[in-house]
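**Q** First residue of the sequence shown: 5, per the working numbering; consecutive thereafter.
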Amino acid sequence: MKATVLRAVSGWSWELTGKRFLAEVPRETAGCEERKWTTISTTTAPTTLRTARTARTAATRTRTRTRTTRIRARTRTTIRARTRTTRTTTTKFFLVIGTLPKCPYLHRMHIAWKIQDRWGSETMKQRKHGTEGSSGPYRHEGAGGRMRKFELIVPCHFGMEAVLKREINDLGYEITEVVDGRVTFAGDEAALCRANIFLRSAERVLIKVGSFPAETFEELFEGTKHLPWEEYIPADGRFWVTKAASVKSKLFSPSDIQSIVKKAMVERLKESCHTDWFPEDGADYPVRVFLMKDQVTVGLDSTGVSLHKRGYRKLVAQAPIAENLAAAMIMLTPWNGERILVDPFCGSGTIPIEAAMMAAHMAPGIDRDFTAEDWRHVIGKGLWQAAQEEAEDMVDLHVETDIQGYDIDDHMVEIARDNARRAGVEKLIHFQRRDVKELSHPKKYGFLITNPPYGERLHDKEEMPALYRTIGERFRLLDTWSMYLISAYENAEKDIGRKADKNRKIYNGMMKAYYYQFLGPKPPKSRG
Ligand SMILES: C[S@@+](CC[C@H](N)C(=O)[O-])C[C@H]1O[C@@H](n2cnc3c(N)ncnc32)[C@H](O)[C@@H]1O
Numbered sequence: 005m006k007a008t009v010l011r012a013v014s015g016w017s018w019e020l021t022g023k024r025f026l027a028e029v030p031r032e033t034a035g036c037e038e039r040k041w042t043t044i045s046t047t048t049a050p051t052t053l054r055t056a057r058t059a060r061t062a063a064t065r066t067r068t069r070t071r072t073t074r075i076r077a078r079t080r081t082t083i084r085a086r087t088r089t090t091r092t093t094t095t096k097f098f099l100v101i102g103t104l105p106k107c108p109y110l111h112r113m114h115i116a117w118k119i120q121d122r123w124g125s126e127t128m129k130q131r132k133h134g135t136e137g138s139s140g141p142y143r144h145e146g147a148g149g150r151m152r153k154f155e156l157i158v159p160c161h162f163g164m165e166a167v168l169k170r171e172i173n174d175l176g177y178e179i180t181e182v183v184d185g186r187v188t189f190a191g192d193e194a195a196l197c198r199a200n201i202f203l204r205s206a207e208r209v210l211i212k213v214g215s216f217p218a219e220t221f222e223e224l225f226e227g228t229k230h231l232p233w234e235e236y237i238p239a240d241g242r243f244w245v246t247k248a249a250s251v252k253s254k255l256f257s258p259s260d261i262q263s264i265v266k267k268a269m270v271e272r273l274k275e276s277c278h279t280d281w282f283p284e285d286g287a288d289y290p291v292r293v294f295l296m297k298d299q300v301t302v303g304l305d306s307t308g309v310s311l312h313k314r315g316y317r318k319l320v321a322q323a324p325i326a327e328n329l330a331a332a333m334i335m336l337t338p339w340n341g342e343r344i345l346v347d348p349f350c351g352s353g354t355i356p357i358e359a360a361m362m363a364a365h366m367a368p369g370i371d372r373d374f375t376a377e378d379w380r381h382v383i384g385k386g387l388w389q390a391a392q393e394e395a396e397d398m399v400d401l402h403v404e405t406d407i408q409g410y411d412i413d414d415h416m417v418e419i420a421r422d423n424a425r426r427a428g429v430e431k432l433i434h435f436q437r438r439d440v441k442e443l444s445h446p447k448k449y450g451f452l453i454t455n456p457p458y459g460e461r462l463h464d465k466e467e468m469p470a471l472y473r474t475i476g477e478r479f480r481l482l483d484t485w486s487m488y489l490i491s492a493y494e495n496a497e498k499d500i501g502r503k504a505d506k507n508r509k510i511y512n513g514m515m516k517a518y519y520y521q522f523l524g525p526k527p528p529k530s531r532g
């Protein structure tokens, strides 16, 4: 049957052949190894293709969707009103695109976004005249016309930079710098919103305001005063230096660095705003300062409460793992939503919950607020909403998963279930009270991804050798499985009885830990 080429835009092409649809994606951009045909129920004009944004299955189905409506009062308070609506969507398209080698959920997300971009901009073009070159799913105008470009700095856990880098690439942005605990990339206003909502391993997203050398407080003052603060902070903005960190630099006192930088900002804004008085009753503009070998980097924090706080964890285990670290651990494995994952020490459920969110393509920031939502003259109107809708449209809670969390403590299992319910993924995880002594699984080629106790309390220390020996024994019985285990217990490998195939030093806050990777065999390739 003859193929109809619908569009061919910078390496992207779409074809309709009778009832089949083909999306061809450049391999190097999307990490896509092969192309696949997919079936659609009708052949329609390109503008109607946009309905595929909400497509999840080929059949008509009912889709329950939680939409978050933001009502901004005249005060600075943001009130979130949640309405639950059930609606029936007749889906016209079913998209399956490519095999996705390393990090399936992210690649798929990126590809889906790119496709939406093309369809989205097609539709938007008809609504707004002559908008071109969209870099997001919608074309939006920034506050002053075109979208502003930034350098965005994203801190993460030490040791997880490679994971974050891959996530940023998968979102479609170009990395400009990687240093210990920080990745910088180039992006626009939409990128800032998307990075906050979609990055799983990130801690926060900062706009880099500038960088300069300083060995004295005078140089710090002058360098800071030289930066264009008025481009970001309005006359009523509330600004302060929330954190200063110094490594191998002459200036090291955080409180002094904080107060000098604030004073210099005030001086600069006095001149540019032609005022001596700042009411500071507007939006928040927290500033972070890093000094590394006498080079100062200053950033505006667009996130606020750290990104690891997704909002689903109300109660936690002793020594819970941060959500972004749990997500990064999972992303360092070849696990994907179709494989088995068991956390035998699940505590408050963080690892299984993060895995379930990935399997369901649920963005980590889908249900929280960000400081920069109030930066009306920095972020174009509608961009937060667009990123939020993009995230909501991707969620698919109908995926089949085999994710389990066990803990010896009944109460922890209850807490884990409660957290999963809050995250909206309780149906994708099975939690159960179980001692690691009874760990077993009837299926092959699964993944143990876990954060066992490491003797955090003094009186627990003596129990560690026996506990890690049990982990080793139970793991040996799961002979086709892989195990990924983060621990600060120094004899972990010795007591498990096997040297890890790989290990990685990770800093969980100030605490040094190792991420041990015991690799099992690959499952045989399924035919067909
Ligand atoms: C470090 S915490 C795990 C924290 C978890 N990752 C989180 O984010 O909440 C270790 C957990 O192992 C559980 N545990 C201790 N001994 C166990 C055993 N023998 N079998 C199963 N679970 C055990 C504890 O109850 C605790 O919840």
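Yeah, the Cβ is synthetic: ideal placement off N, Cα and C, and Gly gets one too.
To which residues of the same chain is Lys509 closer than 7 Å at the C-beta, ignoring the five residues directly before and after it?
**A** So the list reads Gly163, Lys516 and Tyr518, once near-sequence residues are dropped.
**Q** Is it right to say Ala367 is buried, meaning 16 or more other beta carbons lie within 10 angstroms of its own, or is it exposed?
**A** By the C-beta density criterion, Ala367 is buried, having at least 16 other C-beta atoms within 10 angstroms.
**Q** What is the DSSP secondary structure of Ser486, counted as helix, strand or coil?
**A** In the structure shown, Ser486 falls within a strand segment according to DSSP collapsed to helix, strand and coil.
**Q** Is Asn512 close to ligand 1? I mean its beta-carbon at under 8 Å from any heavy atom of the ligand.
**A** no
**Q** Can you find a heavy atom of ligand 1 that lies under 8 Å from the Cβ of Met335?
**A** no
**Q** For Tyr316, which option in Glu171, Thr337, Ala360 and Glu226 has the closest C-alpha, if you only look at C-alpha atoms?
**A** Ala360
**Q** What ranges does the alpha helix (DSSP H) occupy inside the segment 413-441, keeping only unbroken runs of at least 4 residues that lie completely in it?
**A** 414-427
**Q** Rounded to whole angstroms, what's the CA-CA distance from His381 to Val320? Just pull it up for me.
**A** Per the coordinates, the alpha-carbon of His381 lies some 38 Å from the alpha-carbon of Val320.
**Q** Is Met296 helix, strand or coil by DSSP?
**A** strand
**Q** For Val291, which residues does DSSP report across the bridge?
**A** Val245 and Leu304
**Q** For Ser306, does the count of other Cβ atoms within 10 angstroms reach 16, so buried, or fall short, so exposed?
**A** buried
**Q** Three Cβ pairs or more, each shorter than 8 Å: is that satisfied between the segment 484-499 and the segment 454-474?
**A** yes
**Q** Could you pull the start and end residues of the alpha helix (DSSP H) that Tyr477 belongs to?
**A** Before going on, a small fix: residue 477 reads as Glu here, not Tyr. Glu477 -> alpha helix (DSSP H) spans Met468 to Leu481.
**Q** Pull the bridge partners of Pro159 from the DSSP assignment, please.
**A** Pro159 pairs with Arg186.
**Q** Kindly indicate the opening and closing residues of the alpha helix (DSSP H) around Gly353.
**A** From DSSP, Gly353 is part of no alpha helix (DSSP H); its letter is neither H nor E.
**Q** Taking 8 Å as the line, does the beta carbon of Gln322 fall inside it for any heavy atom of ligand 1?
**A** yes
**Q** Tell me whether the segment 219-228 and the segment 297-304 touch, counting them as touching only if at least three CB pairs, one residue from each stretch, are closer than 8 Å.
**A** yes
**Q** Residue range of the alpha helix (DSSP H) that Gly593 falls in?
**A** Outside the modelled stretch of the chain, which goes from 5 to 532, sits residue 593, for which no answer is possible.
**Q** Taking DSSP's pairing of strands, which residues face Val251 in a bridge?
**A** BP columns for Val251 point to Met296.
**Q** Let me check understanding here. Comparing Cα to Cα, which of Ile370, Ala326, Ala249 and Val265 lies closest to Arg426?
**A** Ile370
**Q** Judging by CA-CA distance, which residue of Ser263, Asp285, His312 and Ala195 is the nearest neighbour of Val291?
**A** Ser263
**Q** For Gln436, collect the residues of the same chain with a Cβ closer than 8 Å to its Cβ; drop the 5 residues on either side in sequence, then sort them by chain order.
**A** Gln408, Gly409, Tyr410 and Val417
**Q** Residue range of the beta strand (DSSP E) that Pro258 falls in?
**A** Element bounds for Pro258: not the beta strand (DSSP E) but the alpha helix (DSSP H), Pro258 to Cys277.
**Q** Over what stretch of residues does the beta strand (DSSP E) that includes Val346 continue unbroken?
**A** Ile344 to Asp347
**Q** Got a sec: does ligand 1 put a non-hydrogen atom nearer than 8 Å to the Cβ of Ile412?
**A** yes
**Q** Please classify Glu342 as buried or exposed, where buried requires at least 16 other C-beta atoms within 10 Å of its C-beta.
**A** exposed
**Q** Does at least one heavy atom of ligand 1 sit under 8 Å from the Cβ of Gly227?
**A** no
**Q** Please name the residue, chosen from Val251, Ser310, Arg461 and Arg152, that lies closest to Val183 on a Cα-to-Cα basis.
**A** Val251
**Q** Chain C beta carbons: is any one of them nearer than 9 Å to that of Leu319?
**A** Looking for chain C here will not work: only one protein chain is present.
**Q** Using DSSP with H/G/I as helix, E/B as strand and the rest coil, what is Pro528?
**A** coil
**Q** Please tell me whether Lys506 and Thr484 are closer than 9 Å, where the distance is taken between their beta carbons.
**A** no
**Q** According to DSSP, what are the bridge partners of Leu210?
**A** Ile157 and Asp305
**Q** Can you give the Cα-Cα distance for Asn328 and Ala206, rounded to whole angstroms?
**A** 6 Å
**Q** Within its chain, find whatever has a CB closer than 6 Å to the CB of Ile325; leave out the 5 residues flanking it on each side and keep chain order.
**A** Thr354 and Asn455
**Q** Helix or strand or just coil, what does DSSP make of Glu502?
**A** What sits at residue 502 in the sequence shown is Arg, not Glu. Coil.
**Q** Spatial neighbours of Arg242 within its chain, please: C-beta separation below 8 Å, excluding the five flanking residues on both sides.
**A** Glu284, Asp285, Gly286, Ala287, Asp288 and Tyr289
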